[in-house]
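Trainee: I'd like to ask you about the structure that follows.
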């Protein structure tokens, strides 16, 4: 393992210090328990939007803290959900009388810890709701699994819920918009190489040169199946088919297309894949009305990409376009 | 060994030692089917448990277990934190204020822990989780406690033996809960790291009770 780190145990906190130094105007960092908090929080009369999960997915979630998006992010250890008391501390640091919405990715650890935190916070008298995002079409949503994972759609959900809160939507209304996004967003990911978790010191899986993992999550866990490597045209078509067969997306739909790098894939390949996806969607009569391309929800240095489609309506477009000022997403300011 | 607060504390410290020894093994088991953090997380949690026990002086077995529970919940994260935390919390609550444990109390605590994990994680035997080690362990402990002259060591040894067999059985299972469930059939052939850590903890308790 070769990484720019000191002690693997200090990776998260040292990285947070750097984040705070680079973006001191919009956020502050608490070290114990680890939190990234919008610097002007709590904002009176505004619903607090709080997210979190294991570290190693940067810029998710700390990079999305700031006006127009998240009020707080709760980073756990690498690939490990944060603990309930950390989530509760985030609620306390950001929540006004307007209440708070917790955005939880559907992974067993995240759900258990956020569930416990919401109970604790409610016992303290805060009005806290939570939504669980489960956009990964690689996983069958059946009683035989922990359910679909929350992946790329999380970024779009955090942006849109954050914009709704910034516009002073009520807690009921922020929650309703969030649930609508969750209902109409779908993702799929592939990996060409594994990530290496700093404390583990070895790659999370091994792939031959001519193999890819299809249907991965965001933690270096193996995917739905292992397939031979193939040209980008075929791979992107395979990925889009997995998504569009699921919801289903129909001819005439307006969508946001999010092409995401898992951390190690360079821009040249990312835009190449994005271009193919745009062309294939146009051929299906699906209108790409908004785009996001870049590394926004990653798995350390894993090479690979994910594609996310969100079915749009006028309100979602307006909330997406709404100004945002965070370390990783910034427009309209 | 009298299983008062000190005895319980010694058993927990022994468990912390075993977790530290097996940290890499648990990481490797988890890497095969999950995200390679189980050993790291449990070791971080039990290291904190030992410091918490050093700085507090719990006066009953229940108080010791409560310290374990709250520390694990606040230090481990992932799925293991809330699941083990709930197990120790329910075990603690089941013991009330008694100052020393007898075999029956140990069985009651194990049963309460199992019920807590089932309620939190919604898993059953056969899902390839820590339940596959814990559930047969509780049954074996109950049977052992009914034997003439059974002491705590005998009860915990029976539990640990059953947990080992339960852990080994997860190799052939298709996981239905937790992160490994996403692998489906591809996880067959790999033991569940949570079942392994449960078996290790019970073995440590059994050894400490000798």
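Protein chains in written order, with the working numbering: chain A, -4 to 328; chain B, 31 to 240.
For each residue, glycine too, the CB sits at the ideal point set by N, CA and C.
1) Any contact of the region 21 to 38 of chain A with the region 139 to 148 of chain A, i.e. 3+ C-beta pairs under 8 Å?
2) In chain A, what lies closer than 7 Å to residue 250 of chain B by C-beta?
3) Output needed for residue 319 of chain A: all residues of its chain with C-beta closer than 8 Å, excluding positions within five of it in sequence on either side, in chain order.
4) Quick one: which chain A residues come within Cβ less than 8 Å of residue 98 of chain B?
5) Find the residues of chain B that neighbour residue 79 of chain A, judging by a C-beta separation of less than 7 Å, and give them in chain order.
6) Using a Cβ-Cβ cutoff of less than 8 Å, which residues in the same chain neighbour residue 71 of chain B once the five nearest sequence positions on both sides are dropped?
7) For a cutoff of 8 Å on Cβ pairs, would you count residue 194 of chain A as touching chain B?
8) What residues of chain B sit near residue 111 of chain A, judged by a beta carbon separation below 8 Å?
9) Count the other CB atoms within 10 Å of the CB of residue 240 of chain B; is the residue buried (16 or more) or exposed (fewer)?
10) Give a yes or no on whether the C-beta atoms belonging to residue 185 of chain B and residue 175 of chain B are separated by under 8 Å.
11) Report the residues of the region 183 to 216 of chain A with a CB closer than 8 Å to any CB of chain B, ordered along the chain.
12) Closer than 7 Å, Cβ to any Cβ of chain A: which residues of the region 49 to 79 of chain B, in chain order?
13) Residue 155 of chain B touches chain A at which residues, Cβ-Cβ below 8 Å?
14) Go to residue 101 of chain A, then tell me how far its alpha helix (DSSP H) extends in each direction, as first and last residue.
15) Between the Cα of residue 39 of chain B and the Cα atoms of B:197, B:178, B:222 and B:94, which residue gives the shortest distance?
16) Judging by CA-CA distance, which residue of A:207, A:220 and A:216 is the nearest neighbour of residue 226 of chain A?
17) Since residue 162 of chain B contacts residue 199 of chain B with CB under 8 Å, what's their CB separation in whole angstroms?
18) CB residue 183 of chain B to CB residue 236 of chain B, shorter than 8 Å?
19) Within 8 Å (strictly less), CB to CB, does residue 120 of chain B reach chain A?
20) For the region 57 to 67 of chain B and the region 296 to 316 of chain A, state whether three or more C-beta atom pairs, one from each stretch, are separated by less than 8 Å.
21) For residue 211 of chain B, go through chain A and note every residue whose CB falls closer than 9 Å to its CB, in chain order.
22) Would the region 191 to 203 of chain A count as touching the region 62 to 70 of chain B if we require 3 or more Cβ pairs under 8 Å?
23) Taking buried to mean at least 16 other C-beta atoms within 10 Å of its own C-beta, is residue 246 of chain A buried or exposed?
24) Along the chain, where does the alpha helix (DSSP H) that runs through residue 306 of chain A open and close?
25) Under 8 Å Cβ-Cβ, which residues of chain A neighbour residue 150 of chain B?
26) Figure out for me which residue from A:160, A:213 and A:88 has the closest Cα to the Cα of residue 76 of chain A.
27) For the region 238 to 286 of chain A, list the beta strand (DSSP E) runs that are entirely contained and at least 3 residues long, ordered along the chain.
28) Should residue 297 of chain A be labelled buried (16 or more other beta-carbon atoms within 10 Å of its own) or exposed?
29) Quick check: the region 235 to 251 of chain A against the region 175 to 192 of chain A, are there 3 or more CB pairs under 8 Å?
30) Rounded to the nearest angstrom, what separates residue 257 of chain A and residue 263 of chain A at their Cα positions?
31) Quick one: is residue 101 of chain A buried, meaning 16 or more other Cβ sit within 10 Å of its Cβ, or exposed?
32) According to DSSP, is residue 35 of chain B part of a helix, a strand, or is it coil?
33) Cβ of residue 170 of chain B within 8 Å of Cβ of residue 147 of chain B?
34) Buried or exposed, going by whether 16 or more other CB atoms sit within 10 Å of the CB of residue 81 of chain B?
35) State the Cα-Cα distance for the pair residue 51 of chain B and residue 135 of chain B, rounded to the nearest angstrom.
36) What does residue 143 of chain B touch in chain C if you count any residue whose Cβ is under 7 Å from its own?
Mentor: Inspection of the coordinates gives the following:
1) no
2) Since the first residue of chain B shown is 31 and the last is 240, residue 250 of chain B is not available in this structure.
3) 61, 62, 63, 64, 154, 157, 158, 325, 326, 327 and 328
4) Ordered by position in chain A, no residue passes the 8 Å Cβ test against residue 98 of chain B, which lies about 15 Å from the chain.
5) 103
6) 106, 107, 108, 110 and 111
7) Yes, its Cβ sits closer than 8 Å to a Cβ of chain B.
8) Ordered by position in chain B, the residues that pass the 8 Å Cβ test against residue 111 of chain A are 103 and 112.
9) Counting Cβ neighbours within 10 Å, residue 240 of chain B comes out exposed, since fewer than 16 surround it.
10) yes
11) 192, 194, 195, 197, 199, 200, 212, 214, 215 and 216
12) 57, 61, 64, 65, 66, 67, 70 and 71
13) Those do not exist, as residue 155 of chain B stays about 15 Å from chain A at its closest Cβ, beyond 8 Å.
14) No alpha helix (DSSP H) holds residue 101 of chain A; DSSP gives it neither H nor E.
15) B:94
16) A:207
17) 6 Å
18) yes
19) no
20) no
21) Residues of chain A whose Cβ lies closer than 9 Å to the Cβ of residue 211 of chain B are, in chain order, 103, 134, 139, 140, 141 and 142.
22) yes
23) exposed
24) First-last for residue 306 of chain A: 299 to 306, but that is the beta strand (DSSP E), not the alpha helix (DSSP H).
25) Within chain A, the residues near residue 150 of chain B are 107.
26) A:213
27) 249 to 256
28) buried
29) Flag = yes, the region 235 to 251 of chain A and the region 175 to 192 of chain A touch.
30) 14 Å
31) buried
32) helix
33) no
34) Residue 81 of chain B is exposed by the Cβ-count criterion.
35) 29 Å
36) The displayed structure is made up of protein chains A and B, and chain C is not among them.
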